[in-house]
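*Asks:* Right, I'll just put the structure down here and ask away after.
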């Protein structure tokens with residue numbers, strides 16, 4: 155696959171804009187489909203801001219105003235007709251996604267890849283009823299997509315692995331380090347492991363063992379210190395496998411395995427909490443401190459990317 159092919163995206167919310175930024179920064183022309191052209195001005199301004207962030211960090215050489223000239227925002231689906239890859243980032247609705255795929259199949263070539271940024275809907279379900287289900291993949295990004303190196307490429311039951319391999323090659327040219335799931339499973343790799351961790355975190359807090367601050371502090375200063383470098387399997391190699399088996403035998407029976415969502419989280423969401431976006435979350439924020447946390451998160455994302463790149467060669471061995 156030509157790594158400078160035209161790429162299509164569908165949806166220009168926060169994640170969609172970040173994905174479009176990543177692809178533009180890699181030198182592609184991008185056509186972004188939106189439902190309402192009233193979104194275009196705001197989305198273009200957001201993407202230009204993201205490109206300026208990349209420029210400030212030395213991750214793009216060209217002038218952001220020049221790069222964004224390669225972006226076309228449209229509500230005309232037929233403009234995607236000659237694109238070899240189209241990535242959707244629309245609402246997490248099964249029917250909305252499947253309706254979009256049916257429309258895309260009317261204009262795309264049979265071998266064009268359709269990628270979904272779904273984080274919850276199994277790819278196999280998304281493939282059902284498509285004319286060419288083998289070319290639909292999950293392409294799961296992390297936020298902020300234009301900074302992080304994360305990507306999961308997920309095959310559904312009917313996926314042809316050749317399309318996954320093409321997306322991996324393309325993603326590597328975008329500066330990503332993609333992982334491939336050859337079999338579809340709900341939540342993929344990262345979400346399954348992260349939500350298992352979140353479940354235990356709520357168990358500790360709601361049963362009075364620790365505060366949210368204590369849980370965050372422990373994870374920042376232990377798990378947070380090594381996981382960017384190693385990941386869990388490499389870390390066990392580095393620190394001695396037998397000890398982990400011993401702890402697993404003792405600890406697994408005692409870990410929380412509830413299927414209920416956390417009561418404290420239900421109450422928080424019912425009270426209108428969204429997090430820093432509305433200065434109402436697990437922690438207390440003012441409008442100013444919430445904005446500062448958002449700014450520092452972006453700064454940290456660039457810093458952690460640089461740290462990971464420092465050890466890139468050993469991670470490939």
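In my numbering, the protein residues as written are 155 to 471.
Note that CB positions come from ideal geometry on N, CA and C, so glycine has one too.
Could you check what DSSP says for residue 356 in three-state terms: helix, strand or coil?
*Replies:* The count along the chain shown starts at 1 and reaches residue 356 at position 202. Three-state DSSP puts residue 356 in a helix.
*Asks:* Using three-state DSSP, classify residue 304 as helix, strand or coil.
*Replies:* Position 150 of the chain shown, counting from 1, holds the residue named residue 304. The answer is strand: DSSP assigns residue 304 an E or B state.
*Asks:* How about the segment 270-279 and the segment 174-182: do they share at least three Cβ pairs that are nearer than 8 Å?
*Replies:* No contact exists between the segment 270-279 and the segment 174-182.
*Asks:* Just verifying my parser: in three-state terms, what is the DSSP assignment at residue 441?
*Replies:* Here residue 441 refers to the residue found at position 287 of the chain shown. Residue 441 falls in the helix class under three-state DSSP.
*Asks:* Between residue 239 and residue 256, what straight-line distance do the alpha-carbon atoms span, to the nearest angstrom?
*Replies:* By 1-based counting over the chain shown, the position of residue 239 is 85. By 1-based counting over the chain shown, the position of residue 256 is 102. Between residue 239 and residue 256, the C-alpha separation is close to 15 Å.
*Asks:* Once you ignore the five residues that flank residue 232 on each side, which residues in its own chain have a CB closer than 8 Å to its CB?
*Replies:* Working through the chain shown from its first residue, we reach residue 232 at position 78. So the list reads 261, once near-sequence residues are dropped.
*Asks:* Report the rounded CA-to-CA distance for residue 341 versus residue 209, giving the unit in angstroms.
*Replies:* As a first step, residue 341 is located in the chain shown; it is residue number 187 there, counting from the start. As a first step, residue 209 is located in the chain shown; it is residue number 55 there, counting from the start. The alpha-carbon atoms of residue 341 and residue 209 are separated by roughly 33 Å.
*Asks:* Between the C-alpha atoms of residue 420 and residue 414, what's the straight-line distance to the nearest angstrom?
*Replies:* Here residue 420 corresponds to residue number 266 of the chain shown, with the count starting at 1. Here residue 414 corresponds to residue number 260 of the chain shown, with the count starting at 1. Those two C-alpha atoms are separated by around 10 Å.
*Asks:* Could you give the C-beta distance for residue 529 and residue 303, rounded to a whole number, given that I count them as a contact under 8 Å?
*Replies:* Because the chain in this structure spans residues 155 to 471, residue 529 falls outside the shown range and cannot be described.
*Asks:* For residue 418 versus residue 463, is the C-beta spacing smaller than 7 Å?
*Replies:* Stepping through the chain shown from its first residue, residue 418 is reached at position 264. Stepping through the chain shown from its first residue, residue 463 is reached at position 309. Against a cut-off of 7 Å, the Cβ pair of residue 463 and residue 418 comes out as no contact.
*Asks:* From this set, 211, 206 and 328, which residue's C-alpha is nearest residue 220's C-alpha?
*Replies:* By one-based count along the chain shown, residue 220 stands at place 66. Looking at the Cα atoms, 206 is the closest of the given residues.
*Asks:* Decide if the segment 189-200 is in contact with the segment 271-286; the criterion is three or more beta carbon pairs, one per stretch, under 8 Å apart.
*Replies:* Contact fails: fewer than three Cβ-Cβ distances are below 8 Å.
*Asks:* Quick check: the Cα distance between residue 410 and residue 381, rounded to an integer number of angstroms?
*Replies:* Taking the first residue of the chain shown as position 1, residue 410 is located at position 256. Taking the first residue of the chain shown as position 1, residue 381 is located at position 227. Near 23 Å, if we compare the C-alpha coordinates of residue 381 and residue 410.
*Asks:* Helix, strand or coil: how does DSSP classify residue 278 here?
*Replies:* Indexing the chain shown from 1 puts residue 278 at position 124. In the structure shown, residue 278 sits in a helix (DSSP, three-state: H, G or I).
*Asks:* With respect to the beta strand (DSSP E) encompassing residue 203, which residues constitute its N-terminal and C-terminal limits?
*Replies:* On the chain shown, position 49 is the one that residue 203 refers to. Careful: residue 203 lies outside any beta strand (DSSP E), inside the alpha helix (DSSP H) at 194-210.
*Asks:* Relative to the alpha-carbon of residue 458, which residue among 244, 383 and 392 has its alpha-carbon at the smallest distance?
*Replies:* Taking the first residue of the chain shown as 1, we reach residue 458 at position 304. Closest option to residue 458, Cα to Cα, is 383.
*Asks:* On the premise that residue 163 lies in contact with residue 243, defined as a C-beta separation below 8 Å, what is that separation, rounded to the nearest angstrom?
*Replies:* The residue you call residue 243 lines up with position 89 of the chain shown. The residue you call residue 163 lines up with position 9 of the chain shown. 7 Å between Cβ atoms; contact.
*Asks:* Using DSSP's beta-bridge definition, name the partner residues of residue 292.
*Replies:* Translated into the one-based positions of the chain shown, residue 292 becomes position 138. Looking at the DSSP assignment, residue 292 forms a beta bridge with 270 and 308.
*Asks:* Give me the Cα-Cα distance between residue 467 and residue 253, rounded to the nearest whole angstrom.
*Replies:* On the chain shown, position 313 is the one that residue 467 refers to. On the chain shown, position 99 is the one that residue 253 refers to. If I take the Cα positions, the gap works out to 43 Å.
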